[in-house]
Amino acid sequence: MQSSPAQPAFRECVDPALLRACFGRFGTGVSVVSYFYDGAAHGVTVSSFTSVSLNPSLLLVSLDRRSRSCQKLRNAHFTVNVLSADQMDLALHFAGRPGPGVDIPWADQEGTPRLEGAVAWLRCAPFHAYDGGDHVLFLGEVMACATGPGEPLLFQDGEFRRPGSLLSRN
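Under the numbering used here, the first residue of the sequence shown is numbered 27, with each subsequent residue one higher.
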């Protein structure tokens, strides 16, 4: 009988800067999660948004548990706005780095605010929230969605980008 090597009592720590750099190599879309709180529209920029299930229709967003939006979003209906490549100013604004004169193009969508000009939006009811270490993982049940024209805003290696060349499968 072979024995497996002894497992350490705790996991080795990964260098946070290296881990962040590795995560940053993964190019992703940029979204703003919008919601109402105390009667006002709010939003927060996220790059950690993903589809989860088609049946039921579920998506996931991850928010830093220290953020103001994290507590406000608990049990709230919300909309994920997939930003267009022309909406970098909104991405920065909702990431806490607003520029001068940024106009927020809010549109009410059945109880949750959404952003005009997004290449897609998904209106969600709260489904579940999970502990994710220093983040909270919010599952939302998609109640309505739509797409619009344009190219999505992308983020990779700490920089905003536009989609590049289409690669052939040949």
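Quick reminder that beta carbons are idealized off the backbone N, C-alpha and C, glycines included.
Going by DSSP, name the residue or residues bridged to residue i.
i      : result
Ser77  : Leu85
Pro178 : Ser110
Arg149 : Thr105, Ala170
Ala67  : Phe62
Phe164 : Val87, Ala155
Residue i: which of the options sits nearest, CA to CA?
i      : options                        : result
Phe52  : Ala121, Ala146, Ser74, Gly65   : Ser74
Ala151 : Ala47, Ser60, Leu118           : Ser60
Pro126 : Leu109, Trp132, Leu116, Val162 : Leu116
Asp157 : Arg91, Ser57, Asp129           : Arg91
Thr76  : Arg123, Gly69, Val58, Gly65    : Val58
So for residue i, helix, strand or coil by DSSP?
i      : result
Leu192 : coil
Ser93  : coil
Phe186 : strand
Arg51  : coil
Met27  : Per-residue confidence for Met27 stands at a pLDDT of 48, beneath the threshold of 50, marking its modelled position as unreliable; no derived number is given.
For residue i versus residue j, is the C-beta spacing smaller than 8 Å?
i      : j      : result
Gly174 : Ala144 : yes
Pro124 : Glu142 : no
Count the C-beta pairs between the segment 152 to 166 and the segment 79 to 95 that are closer than 8 Å, then say yes if the count reaches three, no if not. yes
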